[in-house]
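Chains A and B, in that order, give the protein sequences. Converting from the first sequence to the working numbering requires adding 4 to each position, the first position being numbered 1. Converting from the second sequence to the working numbering requires adding 4 to each position, the first position being numbered 1. Note that beta-carbon positions come from the ideal geometry of N, C-alpha and C, so glycine has one too. Take a look at the structure set out below.
Number of protein chains: 2
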Amino acid sequence: MTKPPLPDPRRTLTLRDVSEASGVSEMTVSRVLRNRGDVSDATREKVLLAARALGYVPNKIAGALASQRVNLVGVIIPSMSNMVFPEVMMGISDTLEDTGLQPVVGITNYSPEREESVLYEMLSWRPSGLIIAGLEHSPAASAMLESAGIPIVEIMDIDGEPVDSAVGISHRRAGRQMAEAIIAAGYRRIGFLGTKMPDDHRARKRFEGFRDGLARAGLYLADEEYYAGGSALLKGREMTETILKRTPDLDFLYYSNDMIGAGGLLYCLASGIDVPGRLGLAGFNGVELLDGLPRKLATMDACRREIGIRAAEIIAGKRPSGVIGGEVLELFPKLQPGDTIRKV
Amino acid sequence: MTKPPLPDPRRTLTLRDVSEASGVSEMTVSRVLRNRGDVSDATREKVLLAARALGYVPNKIAGALASQRVNLVGVIIPSMSNMVFPEVMMGISDTLEDTGLQPVVGITNYSPEREESVLYEMLSWRPSGLIIAGLEHSPAASAMLESAGIPIVEIMDIDGEPVDSAVGISHRRAGRQMAEAIIAAGYRRIGFLGTKMPDDHRARKRFEGFRDGLARAGLYLADEEYYAGGSALLKGREMTETILKRTPDLDFLYYSNDMIGAGGLLYCLASGIDVPGRLGLAGFNGVELLDGLPRKLATMDACRREIGIRAAEIIAGKRPSGVIGGEVLELFPKLQPGDTIRKV
DNA sequence: CTTGGTGTTGTTACCGCTAACATAGCGCGG
DNA sequence: CCGCGCTATGTTAGCGGTAACAACACCAAG
Numbered sequence: 005m006t007k008p009p010l011p012d013p014r015r016t017l018t019l020r021d022v023s024e025a026s027g028v029s030e031m032t033v034s035r036v037l038r039n040r041g042d043v044s045d046a047t048r049e050k051v052l053l054a055a056r057a058l059g060y061v062p063n064k065i066a067g068a069l070a071s072q073r074v075n076l077v078g079v080i081i082p083s084m085s086n087m088v089f090p091e092v093m094m095g096i097s098d099t100l101e102d103t104g105l106q107p108v109v110g111i112t113n114y115s116p117e118r119e120e121s122v123l124y125e126m127l128s129w130r131p132s133g134l135i136i137a138g139l140e141h142s143p144a145a146s147a148m149l150e151s152a153g154i155p156i157v158e159i160m161d162i163d164g165e166p167v168d169s170a171v172g173i174s175h176r177r178a179g180r181q182m183a184e185a186i187i188a189a190g191y192r193r194i195g196f197l198g199t200k201m202p203d204d205h206r207a208r209k210r211f212e213g214f215r216d217g218l219a220r221a222g223l224y225l226a227d228e229e230y231y232a233g234g235s236a237l238l239k240g241r242e243m244t245e246t247i248l249k250r251t252p253d254l255d256f257l258y259y260s261n262d263m264i265g266a267g268g269l270l271y272c273l274a275s276g277i278d279v280p281g282r283l284g285l286a287g288f289n290g291v292e293l294l295d296g297l298p299r300k301l302a303t304m305d306a307c308r309r310e311i312g313i314r315a316a317e318i319i320a321g322k323r324p325s326g327v328i329g330g331e332v333l334e335l336f337p338k339l340q341p342g343d344t345i346r347k348v
Numbered sequence: 005m006t007k008p009p010l011p012d013p014r015r016t017l018t019l020r021d022v023s024e025a026s027g028v029s030e031m032t033v034s035r036v037l038r039n040r041g042d043v044s045d046a047t048r049e050k051v052l053l054a055a056r057a058l059g060y061v062p063n064k065i066a067g068a069l070a071s072q073r074v075n076l077v078g079v080i081i082p083s084m085s086n087m088v089f090p091e092v093m094m095g096i097s098d099t100l101e102d103t104g105l106q107p108v109v110g111i112t113n114y115s116p117e118r119e120e121s122v123l124y125e126m127l128s129w130r131p132s133g134l135i136i137a138g139l140e141h142s143p144a145a146s147a148m149l150e151s152a153g154i155p156i157v158e159i160m161d162i163d164g165e166p167v168d169s170a171v172g173i174s175h176r177r178a179g180r181q182m183a184e185a186i187i188a189a190g191y192r193r194i195g196f197l198g199t200k201m202p203d204d205h206r207a208r209k210r211f212e213g214f215r216d217g218l219a220r221a222g223l224y225l226a227d228e229e230y231y232a233g234g235s236a237l238l239k240g241r242e243m244t245e246t247i248l249k250r251t252p253d254l255d256f257l258y259y260s261n262d263m264i265g266a267g268g269l270l271y272c273l274a275s276g277i278d279v280p281g282r283l284g285l286a287g288f289n290g291v292e293l294l295d296g297l298p299r300k301l302a303t304m305d306a307c308r309r310e311i312g313i314r315a316a317e318i319i320a321g322k323r324p325s326g327v328i329g330g331e332v333l334e335l336f337p338k339l340q341p342g343d344t345i346r347k348v
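Encoded structure:
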């Protein structure tokens, strides 16, 4: 039993191990592995061979500390469970792909306290940029964002004052537009169905915009219904039944998201309600799932993927404008009338 | 031009800044901020006050390097877009919550190459544990996993040889069980609908188990149909139409996931096909969405949340068994017959 | 034979924090 | 009033890399 030439195989390897195995200095190994600086082909080969043979994995913690550079981009979002943020994430990932930057996600569950702690945790890793959903933050969180010294992009919403840059849509306007379209189609007894989430500011703004849109035409909401938790599709179904039982003369239902809207649509179809003749329906988000439904629910695309792409571009410094920061990029969702609003 | 007493205010703060502001050594500040070691209450107050006033955020990069401890757990999964992995993630997050550990997610898109590079990237941050979906990895990835020197938990699947620990279900058995239930209910002309994903090994194993289950009863698949990309609900609808047109005498359709199954169900209901009398249907996963459908699709719960919980427990060293590693934990999905399989 | 470029490799000094040990101050029994 | 055993705080030496610069070999031109 000869002792193998390698030192304790359980110890994790360092540059020194590779350096000794290949007979050059640690610095040269470092250069080879990062493709930086001039290294002769012969040396490069030797080093790469040794590194691969040992199974060396560089220690980015040490590298980041020494170089003061971290290839991480923090992404803070409220939730991962409703298909809207995963799509934003894909836009971000795809755009960051070829920049050497890597997204790291944190979830807040719509809780300002969690947002604060997730943000603190993220900043303690000194990411080179941060993407965060929403414009509303606790004072402490705002202070951290302001003094972080890195590019910040607040996404999804532009109805407010960003810390640095922002990419999103105006939810207030989106709500108002939907109201106008509904009124134009001749509906008058309008109900609203949404979530019980005081901290979902975007849903709130859509609701306010919607109500304002109605008010401008001298209309008001005829009834409202809210839910929290559970299967959104099922809740949409149940809430629709509830609200229609309570206020049978409603002629339109505006849902705060597509999932409950889809539930409502399925309920109406099963109950033989004439959609969109006797009752019109609309949701919000433009989720892919709607494509598979028996009838197409009216909705508004929230530009989720593009928001992700643009935000990542700002962080990566790829915006064509060449602006350094403080950019506010508004995207414009378009109304997709589908089959659940009467044609005028 | 006198040099200001404070150094560049844009520079990010270090322990030294807090130490100077509070008049104690860096070490003491460090102790206060980590709640470690004895510090007098007076000093603690002073330090916390100064840290808060300055808005100091510790640098975990430096901390991790010095202490050789990283509170990160890598989680590598194929996708975030189909509701199964988000639910696993929640189990992981909830369990890690009170351990000081933090999950960091990487997505592979079912690509072995991406898996390899995501894994390399993750290991270079020296996480204290790793959770990775599946038992099949490239040779290079396997080598990295083996020599990482940290607890590894492979999740979702247990049909194979884990590197270290594993938590999951037997997809082969799940497929077989479904076949047996279908046969017991009297169906004989059975079709399969799935994804074109050579690297989705779990779907493949379910399919193989299903085919074996049929074979044991002397049956074989009467037809098959595959898809890739797009809205799964819509694809399920379209594939169902296609396969039924091509092979009209099918009396059962087994879908490789609930989403296309739901699409198929909606198609059948809209076409007036007698379900489950003339045609039976079943999916896989037990997604919440099914609760909202007009009829309940037969499915098998994949134990997604519990898989996340158990995997996180192993990483956090919270398993009751007290086992160090190499644990294989099998979970047992139960068949939910719903309304789309004939009662025997 | 020098000089000076050019291309390659090595040396030194940190990066910001923490483990481990050293030290200072204090109360107290002998 | 010495020395012991506390507790509270400070000092030193890295963690594993990289930036910046130094050093070296080699060769062409002067």
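Taking a cut-off of 8 Å for Cβ pairs, the stretch 72-86 of chain A and the stretch 119-131 of chain A touch, as three or more such pairs fall below it. Residues of the same chain with a CB within less than 8 Å of the CB of residue 114 of chain B, apart from the 5 flanking positions on each side, are 82, 83, 201, 203, 204 in chain order.
For residue 143 of chain B, no beta strand (DSSP E) run applies; the uninterrupted alpha helix (DSSP H) run containing it begins and ends at 143-151, by DSSP. Per the coordinates, the alpha-carbon of residue 275 of chain A lies some 15 Å from the alpha-carbon of residue 255 of chain A. Across the structure, residue 292 of chain B and residue 55 of chain B are spaced so that their CA atoms are roughly 45 Å apart. For residue 230 of chain A, the uninterrupted beta strand (DSSP E) run begins and ends at 227-231, by DSSP.
Nearest in C-alpha terms to residue 141 of chain B, of all of B/161, B/130, B/132, B/133, is B/161. When 8 Å is used as the limit between beta carbons, residue 147 of chain B is near these residues of chain A: 59, in chain order. The residues 91, 95, in chain order, have a CB closer than 6 Å to that of residue 309 of chain B in the same chain once the five nearest residues on each side in sequence are set aside. Our two residues, residue 305 of chain A and residue 336 of chain A, have alpha carbons roughly 9 Å apart in a direct line. Residue nearest to residue 105 of chain B within the set B/340, B/339, B/321 is B/321 (criterion: CA-CA distance). Using a Cβ distance threshold of 8 Å, residue 230 of chain B and residue 198 of chain B count as a contacting pair. Residue 199 of chain A is bridged by DSSP to A/231. Interface criterion met: the Cβ of residue 153 of chain A is under 8 Å from a Cβ in chain B. Within the stretch 32-115 of chain B, the complete beta strand (DSSP E) runs of at least 3 residues fall at 76-81, 106-111. Taking the Cβ atoms as the reference, residue 108 of chain B lies roughly 6 Å from residue 108 of chain A, within the contact range of under 8 Å. The Cβ neighbour count for residue 324 of chain A, taken over all protein chains shown within 10 Å, is under 16; the residue is labelled exposed. Taking C-beta atoms as the reference points, residue 331 of chain A and residue 97 of chain A fail to come closer than 8 Å. Under the three-pair Cβ rule at 8 Å, the stretch 337-346 of chain B does not count as touching the stretch 125-132 of chain B.
Exposed is the label assigned to residue 45 of chain A, since fewer than 16 other Cβ atoms lie within 10 Å of its Cβ.
As computed with DSSP, residue 305 of chain B is found in a beta bridge with B/289. The shortest CA-to-CA distance from residue 192 of chain A to any of A/173, A/318, A/220 is the one to A/220. Contact check for residue 35 of chain B against residue 43 of chain B passes: the beta carbons are separated by less than 8 Å.
Note on geometry: alpha-carbon atoms of residue 295 of chain A and residue 177 of chain A lie some 25 Å from one another. For a Cβ distance threshold of 7 Å, residue set 270, 274 of chain A lies close to residue 298 of chain B, ordered along the chain. Here residue 188 of chain A carries a helix assignment [DSSP, helix/strand/coil]. As DSSP reads the structure, residue 157 of chain B sits in a beta bridge with B/135, B/169. With a cutoff of 8 Å on beta-carbon distance, residue 269 of chain A and residue 285 of chain A are scored as near each other. Beta-bridge pairing by DSSP links residue 334 of chain B to B/172. For residue 90 of chain A, the chain B residues whose C-beta falls within less than 8 Å of its own C-beta are 84, 85, 90, listed in chain order.
Here DSSP, grouped into helix, strand and coil, assigns residue 277 of chain B to coil. Within its own chain, the residues whose Cβ lies closer than 7 Å to the Cβ of residue 48 of chain B, once the five positions on either side in sequence are excluded, are 36, listed in chain order. The three-state secondary structure of residue 284 of chain A, taken from DSSP, is strand. The secondary-structure analysis by DSSP pairs residue 194 of chain B across a beta bridge with B/256. Distance from the CA of residue 214 of chain A to the CA of residue 190 of chain A, rounded to the nearest whole angstrom, comes to 16 Å.
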